[in-house]
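A short write-up of the structure that comes next.
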Amino acid sequence: MFRSSAKLLLAALLCVGCATASAADLYVICNARVPLSAADVRDLFLGEKQFAGALKLVPVDNSAAQIAFLERVLKMNAAKYSTTWTRSPSATA
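Everything in the sequence shown is counted per the working numbering, starting at 8 for the first residue and increasing by one.
Pasting the structure below:
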């Protein structure tokens, strides 16, 4: 059951539907049994959080909303985000 929930979480985490990156709102969608705060989402995408209880979390990239997500949620541009992952010890693990 957790595997299917994890797959659903992975598939839907950054699903913004057909909205473009210029949309006013961004939504993070996950299973209701996985409590994620805004700080948890930020930590997940920066590689600092990998689990919610026993459930492994993996961020999903939605290129249509990536620029807006990086700017509004992570407070960084694509270059800084890329540099963060290049330097991150968890990125090489």
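The beta-carbon is built from N, C-alpha and C at its ideal position, and this holds for glycine as well. Owing to the predicted nature of the structure, the values given are computational and were not obtained by experimental measurement.
Proximal residues to residue i (C-beta, below 6 Å), its chain only, five neighbours per side dropped
i: Ser89; result: none
Rounded separation between residue i and residue j - CA only
i: Lys63; j: Leu51; result: 10 Å
i: Ile74; j: Ala59; result: 26 Å
Test item: CB-CB of residue i and residue j under 8 Å
i: Asp68; j: Lys56; result: no
i: Leu43; j: Phe76; result: no
Beta-bridge pairing of residue i - partner residues as DSSP gives them
i: Leu33; result: Answer is none; Leu33 lacks a bridge partner.
i: Lys63; result: Phe58
Cβ-based neighbour list, residue i, same chain, cut-off 8 Å, excluding 5 preceding and 5 following
i: Leu81; result: Arg49, Phe52, Leu53 and Tyr88
i: Glu78; result: Asn84
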